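Everything in the sequence shown is counted per the numbering used here, starting at -4 for the first residue and increasing by one.
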Amino acid sequence: MDPLLTAAGDRLTAYHERLAELVGIDTGSGQVDGLRAAADLVQTWCLATGLAVEREPVADPTGVPLGDVLIARRRGRGTRRILLAGHLDTVFPPGTAAARPFRVQDGRAYGPGVSDDKGGVLAGLAAIEVLTRLELAEYGELILVCTPDEEIGSPGSRALLRTLGSEVDVAFCLECARDNGDLVSARKGVADLEITLRGRAAHAGIEPERGANALLAAARLTVALDALNGRWPGVTINVGHLHSGDRPNVVADRARMLVDLRSWRTAEYEAALAEIRRLVAVPSVSGVRAEVAVHAPTPPWEPGPVDRRLTELAAKVGAELGVPVSHTATGGCADANLLAEAGAAVLDGLGPVGGADHSPAEWLDLDSVVPRTALLAGLIDQFSRDGGAGHHGHPSRRPGRG
């Protein structure tokens, strides 16, 4: 058997035990105590592996604490700096870990965050342990980063991620592989839009003409935004939430809309955002004013030649290990988008195979842990030796977008 597979297999029991511990902690975004407890565990395991660990507290733009970013580093004897990026937060509310505890059934592990992304984080750490055991240290530096706020757009971590992305040669992202085993080679960009409309209240029966109906303006704007779907290839716009008014006999004086914008390409992303701003600026009901706030905008990850060479390198390593490798683009965004924006070459989906993320049925294929850990370790080693996507000095780096 290939030494990478053997070493990864030797880590499997520890992987299972660690996964059960991590999944047993509630780490929904914003659950700071749980997120720090999970980071404490990962820190302990990193230190035992000989990594140097830093912790950086982060907060949202209003100053509300979000937890700590954990950064673990290990120096090698080569030149290339390699980032492994994962996250500890989940989408689940407090109490989920107790209500739906970690379990194993028919070769699959279940529990909140088992696939997204605790299984991926632990695969990254296991890959570092495999390389350490085999004394494969041709990299210049390995950096494992675990963030506490990816599921809400990384509002506290994004500045740090962009800094790291600008400093490394490559970022291997630890989101789990798609449920069919695909790696991820491109992601849509996303903007979360909050539209606030302000009108004027009036009695709906006696003097409706004195009112300015914010609900009506919001309804018309919803139709106008939906009509934008199909204008640009791959752009989707979804009004997912609309709240307005309190009573049927009052002309609604306010409304709030939450809108999801996604695009494969930066040009279309920016064009759609500009058109949404134009529609919001001219409400369809006289007397109603509207404004839009864009929260945690995340640009598309558009793969370039460098990223495509990474997928080829992964396929080469997979063939040597007997691990089939294929890849796909996905409409979900992740920290990979921010790292690509910063200029790093990126490949994602390098955790084990999993599925049903963000749902009670979330699962991780335990049979995929060993081959995927070996694949990641082999990819790190091969990139360290031949650069795979360029050479030291970052000639492969795409221009950053600030």
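Ideal Cβ placement from N, Cα and C applies to all residues, glycine included. Owing to the predicted nature of the structure, the values given are computational and were not obtained by experimental measurement.
### Query
Where does residue 134 fall in DSSP's three states?
coil
#### Entry: Touching by the beta-carbon criterion (3+ pairs, under 8 Å), the stretch 242 to 253 and the stretch 158 to 172
no
### beta strand (DSSP E) segments (min. 3 residues) lying fully within the stretch 307 to 393
322 to 325, 340 to 342, 346 to 350 and 358 to 360
### Query
Just how far apart, CA to CA, sit residue 370 and residue 63?
29 Å
### Task
Name the residue from 351, 348 and 344 whose alpha carbon lies nearest to the alpha carbon of residue 81.
344
### Task
Select from 217, 41 and 25 the residue whose C-alpha is nearest the C-alpha of residue 59.
25
### Query
Of all the alpha helix (DSSP H) runs that stay within the bounds of the stretch 70 to 130, which reach a length of 4 or more residues?
91 to 94 and 114 to 128
### Message
Can you check which of these residues, 238, 47, 264 and 212, is closest to residue 232 by C-alpha distance?
### Response
264
#### Entry: Boundaries of the beta strand (DSSP E) in which residue 236 is found, first to last residue
231 to 239
### Same chain, Cβ closer than 8 Å to residue 388, five either side skipped, listed in chain order
A caution first: residue 388 carries a pLDDT of 37, below 50, which makes its placement in the model unreliable, though a value can still be read off. Same-chain partners within the cutoff: there are none.
### Limits of the unbroken beta strand (DSSP E) element including residue 274
Segment 261 to 276 is the alpha helix (DSSP H) holding residue 274; no beta strand (DSSP E) there.
### Query
CA-CA distance, residue 405 and residue 46?
For the chain, the structure presents residues -4 to 397; residue 405 sits outside this window and is missing.
### Task
Please look up how many angstroms separate the CB atoms of residue 194 and residue 212, rounded, as I've assumed it's under 8 Å.
7 Å
### Message
If you reduce the DSSP assignment to three classes, tell me which class residue 296 lands in.
### Response
strand
### Query
Rounded to a whole number of angstroms, what is the C-alpha to C-alpha distance between residue 164 and residue 278?
47 Å
### Task
Return the CA-CA distance between residue -1 and residue 116, expressed in angstroms with no decimal places.
18 Å
### Whole-angstrom distance between residue 355 and residue 89, CA atom to CA atom
14 Å
### Query
Does the distance from the CB of residue 16 to the CB of residue 160 come in under 9 Å?
no
### Message
Check for me: the beta strand (DSSP E) holding residue 221 runs from which residue to which?
### Response
Unbroken run through residue 221 is the alpha helix (DSSP H), 209 to 221; no beta strand (DSSP E).
### Same chain only: Cβ atoms within 7 Å of residue 20, ignoring 5 sequence neighbours per side
29, 32, 33 and 92
### Query
Distance, Cα to Cα, residue 111 vs residue 73?
32 Å
### Query
Relative to the ligand MN, is the shortest distance from any of its heavy atoms to the C-beta of residue 260 smaller than 8 Å?
Among the ligands in the structure shown, none appear at all, so the ligand MN cannot be discussed.
### Task
Compare the C-alpha of residue 261 against each of 250, 296, 149 and 290 and name the closest.
296
### Query
Excluding five sequence neighbours on each side, which residues of the same chain lie with their C-beta closer than 8 Å to the C-beta of residue 271?
188, 220, 223, 232, 254, 256 and 287
### Message
Residues in the same chain with beta-carbon distance under 6 Å from residue 274, minus the five sequence neighbours each way, listed in chain order, please.
### Response
219
### Query
Nearest CA to the CA of residue 311: which residue from 190, 381 and 13?
381
#### Entry: 7 Å CB neighbourhood of residue 328 in its chain, flanking five on each side removed
182, 183, 184, 185 and 293
#### Entry: Beta-carbon spacing of residue 399, residue 334 below 9 Å
The question about residue 399 has no answer here: the residues shown for the chain are numbered -4 through 397.
### Message
Against chain E, with Cβ distances strictly below 9 Å, would residue 341 count as a contact?
### Response
Among the chains in the structure shown there is no chain E, since it carries only a single protein chain.
#### Entry: residue 375 classed as buried or exposed, judged by whether at least 16 other C-beta atoms fall within 10 angstroms
buried
### Query
Is it buried or exposed for residue 3, if we count other Cβ within 10 angstroms and need 16 for buried?
buried
### Query
Taking the alpha-carbon positions, what's the residue 378 to residue 192 distance?
52 Å
### Task
Note down, in chain order, each residue of its chain lying with its Cβ closer than 8 Å to the Cβ of residue 199, except the 5 sequence neighbours on either side.
206, 243, 244, 245 and 246
#### Entry: Counted within 10 angstroms of its Cβ, other Cβ atoms place residue 322 as buried (16 or more) or exposed
buried
### Task
Can you grab the Cα-Cα spacing for the pair residue 147 / residue 210, in whole Å?
28 Å
### Task
Since I believe residue 40 is in contact with residue 68 (beta carbons under 8 Å), could you give me their beta-carbon distance rounded to a whole number of angstroms?
At roughly 14 Å, the Cβ-Cβ gap does not stay under 8 Å, so residue 68 and residue 40 are not in contact.
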